[in-house]
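Following this line, the structure appears as structure tokens:
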């Protein structure tokens, strides 16, 4: 099934959380001069027009990046300021919010000459757009393939340093199990790598099952960061999203504990939001 198109959801609250965590991990990797490898398993198209037919149909960005963009608060944390600067660069530094950067573009804009990226996308309509959007980046390769397979095929990287971002559409319940298996396979090959898993909370039981599966791998140092916009419900719709990070940078836990109270206040002004940062398995 390949019906999912991220263009309908670009820039929503889940994207803000995902891309903020992604930025912080890459910044941490770049504290060392040696290059690193970045693998994006479900890349989408990488860059999204927020006033396209798809984006306007749901207008989810208005409750995500839109609230940060138009926020009157002047005391944004340095991390949020850096994230906004990245998004503004995609909008040519202008005042109007017209475009949003997906995870591949955020990573590509941050890469140094010694870093490299592989972006994989299987969707037949999205891959040509992805390939076109990154043709100017010398250290970025795009490939139409199953991203889970590239975990097996490309790990460990020659750099022996790396970040794997896994964010499938979760169209099928099996996706949750595929994530656990991908982590199991990747960790066998590259135990020192950083693995960042994005997940939606549509039905809490599905998320709990995936977390139990990760616990059962025996892998240590698994951090969970979650932002909820409203309490869990049995009705259809995403109430929260999160990032599960294996081998997180040492400062990420405290960074997110510092950022999330303000971010929740901005993104969920109705007061129905909440956040958590906790260890699924400690070191």
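In my numbering, the protein residues as written are 7 to 289. Ideal Cβ positions, reconstructed from N, Cα and C, are used throughout, including at glycine. Please read these numbers as outputs of a predicted model, since none were measured by experiment.
Is residue j closer than 8 Å to residue i when the C-beta atoms are compared?
i           : j           : result
residue 96  : residue 89  : no
residue 210 : residue 238 : yes
residue 41  : residue 122 : yes
residue 172 : residue 217 : no
residue 251 : residue 266 : no
residue 125 : residue 52  : yes
residue 258 : residue 220 : no
residue 247 : residue 281 : no
residue 169 : residue 196 : no
residue 185 : residue 175 : no
residue 253 : residue 201 : yes
residue 191 : residue 225 : no
residue 150 : residue 117 : no
residue 113 : residue 32  : yes
residue 83  : residue 268 : yes
residue 234 : residue 245 : yes
residue 85  : residue 19  : no
From the DSSP output, in three-state form, read off residue i for me.
i           : result
residue 242 : coil
residue 119 : coil
residue 101 : coil
residue 225 : coil
residue 61  : Annotation note: pLDDT 47 at residue 61 (below 50); position unreliable, no value reported.
residue 90  : helix
residue 114 : helix
residue 276 : coil
residue 96  : helix
residue 9   : Unreliable positioning characterises residue 9 in this predicted model, as indicated by a pLDDT of 42, which lies under 50. The coordinate reading is nonetheless provided below. Correct three-state label for residue 9: coil.
residue 220 : helix
residue 83  : coil
residue 232 : strand
residue 50  : coil
Assuming residue i is part of the beta strand (DSSP E), what are its boundary residues?
i           : result
residue 146 : 146-149
residue 55  : 53-55
residue 283 : 280-287
residue 74  : Element bounds for residue 74: not the beta strand (DSSP E) but the alpha helix (DSSP H), 71-75.
residue 45  : 43-46
State buried or exposed for residue i, treating a residue as buried only when at least 16 other CB atoms are found within 10 Å of its CB.
i           : result
residue 316 : In this structure the chain extends from 7 to 289, so residue 316 is not present and cannot be described.
residue 232 : buried
residue 109 : buried
residue 144 : exposed
residue 131 : exposed
residue 6   : It is not possible to answer for residue 6, since the shown part of the chain is limited to 7 through 289.
residue 61  : Confidence at residue 61 is low in this model, with a pLDDT of 47, below 50, so the placement of that residue should be treated as unreliable; the coordinate-derived value is given next. Under this definition residue 61 is a buried residue.
residue 178 : exposed
residue 8   : Note that residue 8 scores 44 on pLDDT, short of 50, meaning its location in the model is unreliable; the coordinates nonetheless yield the value given after this. Under this definition residue 8 is an exposed residue.
residue 17  : buried
residue 57  : exposed
residue 119 : exposed
residue 76  : exposed
residue 261 : buried
residue 146 : buried
residue 66  : buried
residue 213 : buried
residue 24  : buried
residue 49  : buried
Residue range of the alpha helix (DSSP H) that residue i falls in?
i           : result
residue 206 : Residue 206 -> not in any alpha helix (DSSP H); beta strand (DSSP E) instead, spanning 200-207.
residue 270 : 258-273
residue 34  : 19-35
residue 132 : 132-139
(Q) If we require 3 or more residues per run, which beta strand (DSSP E) segments fall completely within the stretch 142-187? (A) 146-149 and 168-172
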